[in-house]
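The listed protein sequences derive, respectively, from chains X and E.
For the first sequence, my numbering gives the first residue as 8, with consecutive numbering after it.
For the second sequence, my numbering gives the first residue as 232, with consecutive numbering after it.
Written out below as structure tokens is the structure these notes cover.
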Amino acid sequence: MGWKTWGLKRSPWVYHVNVGACNNCDIEILELLTPRYDVERFGIVLVGSPRHADALLVTGICTRQAEPRLRAVYEQTPKPCVVFLIGACACTGGIFRHGYGMARPADEAIREIDPGAIIAYVPGCPPKPEAMIVGAVKALAAL
Amino acid sequence: MSQLKNPAGAAVQSAVLSRVLSSLGGMVTEFEEQNPRRGWVRIDPARVREMARLMTDEQGARLATATGIEVRDGIDVLYHWALDAEQYVVTVKALAARPSLQIDSVGQDLPAALWIEREMHDLLGAEFRGHPDMRRLILADDWPEGVYPLRRGFKVPKTDPAGGRERKKWAGAPRPPAGPSASQPRGTRPGRTLINIGPFHPLQEEMEFFQLYCEGETVVDMDVRLSYNHRGVEELSTRLTWDQVPFLVERVCGICSHSHPWAYVNAVESLAGIQAPPRAQYIRTIVAELERLHSHMLWVGLAGHFLGYNTVWMWAWKYREPIMDILEQVTGSRIHYACVRVGGVRRDIAPDMYPAIRKAVDSIKKPMEMLTKAVLDDPVLHARLKGVGVLTKEDARRWGVTGPTARGSGLAIDVRRDDPHGAYDEVEWKVITQEEGDVFAKAVVRCLECFEAVKIIEQCLEKMPGGPIAVDVRQVPPGEGCGHYEAPRGETFHYVRSDGGAGPVRHKIRAPSYVNIPSFRASCIGQTVTDVSIILAAVDPCYSCTERLARVYDASTRRPLYGMDELLRLSRAKTERLKKEV
Numbered sequence: 008m009g010w011k012t013w014g015l016k017r018s019p020w021v022y023h024v025n026v027g028a029c030n031n032c033d034i035e036i037l038e039l040l041t042p043r044y045d046v047e048r049f050g051i052v053l054v055g056s057p058r059h060a061d062a063l064l065v066t067g068i069c070t071r072q073a074e075p076r077l078r079a080v081y082e083q084t085p086k087p088c089v090v091f092l093i094g095a096c097a098c099t100g101g102i103f104r105h106g107y108g109m110a111r112p113a114d115e116a117i118r119e120i121d122p123g124a125i126i127a128y129v130p131g132c133p134p135k136p137e138a139m140i141v142g143a144v145k146a147l148a149a150l
Numbered sequence: 232m233s234q235l236k237n238p239a240g241a242a243v244q245s246a247v248l249s250r251v252l253s254s255l256g257g258m259v260t261e262f263e264e265q266n267p268r269r270g271w272v273r274i275d276p277a278r279v280r281e282m283a284r285l286m287t288d289e290q291g292a293r294l295a296t297a298t299g300i301e302v303r304d305g306i307d308v309l310y311h312w313a314l315d316a317e318q319y320v321v322t323v324k325a326l327a328a329r330p331s332l333q334i335d336s337v338g339q340d341l342p343a344a345l346w347i348e349r350e351m352h353d354l355l356g357a358e359f360r361g362h363p364d365m366r367r368l369i370l371a372d373d374w375p376e377g378v379y380p381l382r383r384g385f386k387v388p389k390t391d392p393a394g395g396r397e398r399k400k401w402a403g404a405p406r407p408p409a410g411p412s413a414s415q416p417r418g419t420r421p422g423r424t425l426i427n428i429g430p431f432h433p434l435q436e437e438m439e440f441f442q443l444y445c446e447g448e449t450v451v452d453m454d455v456r457l458s459y460n461h462r463g464v465e466e467l468s469t470r471l472t473w474d475q476v477p478f479l480v481e482r483v484c485g486i487c488s489h490s491h492p493w494a495y496v497n498a499v500e501s502l503a504g505i506q507a508p509p510r511a512q513y514i515r516t517i518v519a520e521l522e523r524l525h526s527h528m529l530w531v532g533l534a535g536h537f538l539g540y541n542t543v544w545m546w547a548w549k550y551r552e553p554i555m556d557i558l559e560q561v562t563g564s565r566i567h568y569a570c571v572r573v574g575g576v577r578r579d580i581a582p583d584m585y586p587a588i589r590k591a592v593d594s595i596k597k598p599m600e601m602l603t604k605a606v607l608d609d610p611v612l613h614a615r616l617k618g619v620g621v622l623t624k625e626d627a628r629r630w631g632v633t634g635p636t637a638r639g640s641g642l643a644i645d646v647r648r649d650d651p652h653g654a655y656d657e658v659e660w661k662v663i664t665q666e667e668g669d670v671f672a673k674a675v676v677r678c679l680e681c682f683e684a685v686k687i688i689e690q691c692l693e694k695m696p697g698g699p700i701a702v703d704v705r706q707v708p709p710g711e712g713c714g715h716y717e718a719p720r721g722e723t724f725h726y727v728r729s730d731g732g733a734g735p736v737r738h739k740i741r742a743p744s745y746v747n748i749p750s751f752r753a754s755c756i757g758q759t760v761t762d763v764s765i766i767l768a769a770v771d772p773c774y775s776c777t778e779r780l781a782r783v784y785d786a787s788t789r790r791p792l793y794g795m796d797e798l799l800r801l802s803r804a805k806t807e808r809l810k811k812e813v
């Protein structure tokens with residue numbers, strides 16, 4: 008384990024990227040920060056810029072308009088970083104996958120510019136906050 | 232029902248419709264009374280502007296939205312007018328005939344129609360003569376010109392993993408100007424600064440792209456680009472069956488995930504003449520009010536967060552948790568409830584669950600009182616919110632805003648009262664209004680509505696009737712219907728059209744923020760940049776902008792004009808001044 012990965016696993020700072028979600032995964036992510044779940048206990052902090060982030064929390068189906076912006080955000084994030092695809096939409100396109108608004112799955116969009124991207128999937132519509140915590144623990148343990 | 236049943240001049244049952252018909256006079260070609268609360272009128276398309284003027288000025292109607300449908304002879308434009316005081320919705324149809332597909336723009340006189348006409352232009356290719364701003368609104372930048380997703384025969388283009396076949400094919404295709412975009416700012420001139428906000432912004436949950444045009448600290452114009460979140464729900468809906476659509480529309484917006492399906496089933500039930508059994512109506516009402524509680528508390532928290540008052544955020548979201556728990560117990564999910572279906576509800580609330588609901592609802596009364604007091608009595612919040620972002624009653628009417636945004640401006644409209652359904656006409660509650668129209672008024676409306684929601688839930692549990700929770704719906708006949716419901720953010724309006732098949736052939740959805748967001752142009756202009764953040768948030772689209780410090784140089788000497796000491800002195804002086812005002 009390189010020192011960068013070692014550093015990544017401790018108190019990951021996250022940046023929230025909504026690329027066409029229904030807002031549900033997003034409020035559940037904010038829910039994580041509030042008193043019941045309070046992930047700041049573990050040093051997980053929501054930051055305002057991808058340049059400060061260790062992990063991206065991607066929600067939504069990756070719409071046509073959002074896809075180039077998602078790639079731009081990923082490029083700005085310092086590597087190594089973990090991409091969490093949160094919710095059914097981000098993982099697979101969910102109920103919107105046959106619509107004309109969807110460009111393509113978010114993982115494909117990211118793998119196009121970085122084939123070795125570390126991507127973790129947290130399915131659910133929306134995943135419960137507990138599920139997101141489990142997803143984070145599993146992904147960091149696998150590094 | 233592209234052919235309405237009555238020719239002009241036939242007898243009319245409803246007093247409202249007959250008044251509307253006599254006001255519109257000679258332009259009416261046919262009309263139909265669907266039920267005591269819904270009427271349909273077809274008019275001469277050359278006179279839509281006159282119609283809009285008569286409906287707003289003489290009838291006092293509010294333009295809920297408009298729907299475009301492709302028909303054999305062109306594009307039918309349906310203007311849905313809500314007559315809130317009379318509990319009536321009248322839809323006026325006008326045909327934009329082939330081959331030009333042109334019709335006069337209503338938006339040039341009535342700002343409430345500006346966005347929806349741009350949308351119909353994007354999605355269907357209708358042309359609105361005289362519209363001041365025909366830039367692209369909701370399709371993506373890379374969408375080619377002349378491909379209209381809501382036209383018949385549109386096929387969703389296939390993408391392949393290696394970058395998209397059709398992406399390459401479309402790369403060189405001509406595109407209309409999309410607005411706003413960084414490359415084509417409008418109205419920039421010396422002395423005017425353009426501040427881009429978005430599409431990603433630290434305090435925005437969703438992607439939105441705002442452009443603020445500022446002179447000094449004052450915002451003089453603003454512009455907004457949608458499409459980042461455009462998923463094409465209306466088109467997807469036409470590929471589903473009547474019973475599948477509620478699952479789709481509850482994912483239109485996760486925080487209104489009970490309101491959208493309810494408005495949809497209202498539309499279908501009005502189309503098919505179905506009445507859901509009383510117990511179903513009560514269950515719908517309880518879930519809807521629980522949703523309103525969670526949504527308003529969420530807003531109070533976020534508003535605090537935007538103002539830098541994070542204590543309110545943490546408190547509000549902590550006290551919201553019992554509501555989320557009880558929603559999970561009642562419906563099976565914290566957020567997507569899957570509660571309503573056409574003809575009733577999917578799941579019953581067992582009587583042994585009533586005490587748990589009562590307890591949860593009871594548990595938030597005290598904290599809510601405390602939060603309301605923290606908001607109402609805090610001198611800092613007064614200084615920050617009072618008189619900020621005023622939307623006057625007249626502007627509120629012209630922009631057609633709904634929900635707490637309208638009620639904060641003194642417009643007493645609430646679909647729960649103005650088109651009663653569910654249990655709302657059987658329980659005691661009142662519509663909260665405030666006259667001031669500023670951000671503070673909207674905050675007060677939301678806080679006080681929480682107490683009304685608690686009252687409604689308690690009475691519903693008290694009076695809950697027995698019996699079945701749904702009626703069996705075998706078929707939805709051909710026809711069309713509209714339904715609306717008061718979501719936490721305002722009226723959500725749905726229109727469906729059936730050809731007698733398994734699912735809708737056209738489904739129009741108009742969410743409350745769609746009419747509330749454009750009103751920014753009325754409430755933000757003339758305010759300072761720092762206040763814009765909370766004004767935009769007051770409508771509840773979740774967005775904010777950070778304060779920025781620009782260094783000012785003297786143009787001739789290139790020497791900085793304001794140093795650190797000077798700025799400190801200025802800010803101290805301003806604080807002193809504010810303290811005196813407070």
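Just so you know, even glycine gets a beta-carbon here, dropped at the ideal spot from N, CA and C.
Partner residues on chain X for residue i, Cβ-Cβ distance less than 7 Å
{"i": "P430/E", "result": "R76"}
{"i": "V351/E", "result": "Val is not the amino acid found at residue 351/E; the sequence shown has Met there. Ordered by position in chain X, no residue passes the 7 Å Cβ test against M351/E, which lies about 16 Å from the chain."}
{"i": "G634/E", "result": "By Cβ distance, chain X contributes nothing, its closest Cβ being about 16 Å from G634/E, past 7 Å."}
Under 8 Å by beta carbon: chain X residues contacting residue i
{"i": "M528/E", "result": "Per Cβ cutoff of 8 Å: no residues; M528/E is ~11 Å from chain X at best."}
{"i": "K549/E", "result": "T41, P42, R43"}
Burial state of residue i, where buried means 16 or more other Cβ atoms lie within 10 Å
{"i": "D304/E", "result": "exposed"}
{"i": "E812/E", "result": "exposed"}
{"i": "G394/E", "result": "Unreliable placement is indicated for G394/E, whose pLDDT of 44 sits below 50; the coordinate value is still reported in the next sentence. With fewer than 16 other Cβ atoms within 10 Å, it is exposed."}
{"i": "G574/E", "result": "buried"}
{"i": "G108/X", "result": "buried"}
{"i": "K11/X", "result": "exposed"}
{"i": "C105/X", "result": "Inspection of the sequence shows that residue 105/X is occupied by His rather than by Cys. It is exposed - the Cβ of H105/X has fewer than 16 other Cβ atoms within 10 Å."}
{"i": "A733/E", "result": "exposed"}
CB contact flag (residue i, residue j, <8 Å)
{"i": "V251/E", "j": "V321/E", "result": "yes"}
{"i": "I102/X", "j": "V129/X", "result": "no"}
{"i": "E722/E", "j": "V646/E", "result": "yes"}
{"i": "C681/E", "j": "H527/E", "result": "yes"}
{"i": "L63/X", "j": "V24/X", "result": "yes"}
{"i": "N541/E", "j": "G634/E", "result": "no"}
{"i": "Q290/E", "j": "S254/E", "result": "yes"}
{"i": "G714/E", "j": "N427/E", "result": "no"}
Cα-Cα separation, residue i to residue j
{"i": "A591/E", "j": "K135/X", "result": "20 Å"}
{"i": "M286/E", "j": "A292/E", "result": "6 Å"}
{"i": "E481/E", "j": "H567/E", "result": "7 Å"}
{"i": "A28/X", "j": "N460/E", "result": "7 Å"}
{"i": "S233/E", "j": "G712/E", "result": "Its pLDDT being 48, under 50, S233/E is placed unreliably in this model, and the value from its coordinates should be taken loosely. Approximately 12 Å, taken between the alpha carbons."}
{"i": "H185/E", "j": "A684/E", "result": "Outside the displayed span of chain E (232 to 813) sits residue 185/E, for which this structure offers no information."}
{"i": "K597/E", "j": "R728/E", "result": "46 Å"}
{"i": "H59/X", "j": "T84/X", "result": "7 Å"}
{"i": "A672/E", "j": "D33/X", "result": "27 Å"}
{"i": "L529/E", "j": "D275/E", "result": "46 Å"}
{"i": "V621/E", "j": "I766/E", "result": "9 Å"}
{"i": "I347/E", "j": "Q339/E", "result": "12 Å"}
{"i": "K215/E", "j": "T99/X", "result": "A question about residue 215/E goes unanswered here, because the residues of chain E that appear run from 232 up to 813."}
{"i": "E35/X", "j": "G257/E", "result": "55 Å"}
Contact list for residue i against chain X, beta-carbon separation under 9 Å
{"i": "Y716/E", "result": "Per Cβ cutoff of 9 Å: no residues; Y716/E is ~17 Å from chain X at best."}
Distance cut-off 7 Å: residue i Cβ against heavy atoms of the ligand HEM
{"i": "T296/E", "result": "Although the ligand HEM was asked about, the structure shown includes no ligands whatsoever."}
Neighbour list for residue i in chain A, Cβ cutoff strictly below 9 Å
{"i": "F103/X", "result": "Although the question refers to chain A, the structure presented lacks it and instead comprises the protein chains X and E."}
Closer than 7 Å at the beta carbon, the chain E residues around residue i
{"i": "T12/X", "result": "None at all; the shortest Cβ gap to chain E is about 26 Å."}
{"i": "A73/X", "result": "M438, Y459"}
{"i": "I34/X", "result": "G485, I486, L529"}
{"i": "T84/X", "result": "None at all; the shortest Cβ gap to chain E is about 12 Å."}
Chain E residues whose Cβ lies nearer than 8 Å to that of residue i
{"i": "K135/X", "result": "R565"}
{"i": "C29/X", "result": "R482, V483, C484, G485, S488"}
Where are the alpha helix (DSSP H) runs, 4 residues long or more, that stay fully inside the stretch 591–627 of chain E, in chain order?
596–607, 610–616
Go through the stretch 646–726 of chain E residue by residue and report every complete run of the alpha helix (DSSP H) that reaches 4 residues or more, in order.
646–649, 670–694
Which runs of the beta strand (DSSP E), 3 residues or longer, sit entirely within the stretch 267–298 of chain E?
269–274
Of all the alpha helix (DSSP H) runs that stay within the bounds of the stretch 462–536 of chain E, which reach a length of 4 or more residues?
464–468, 476–480, 490–503
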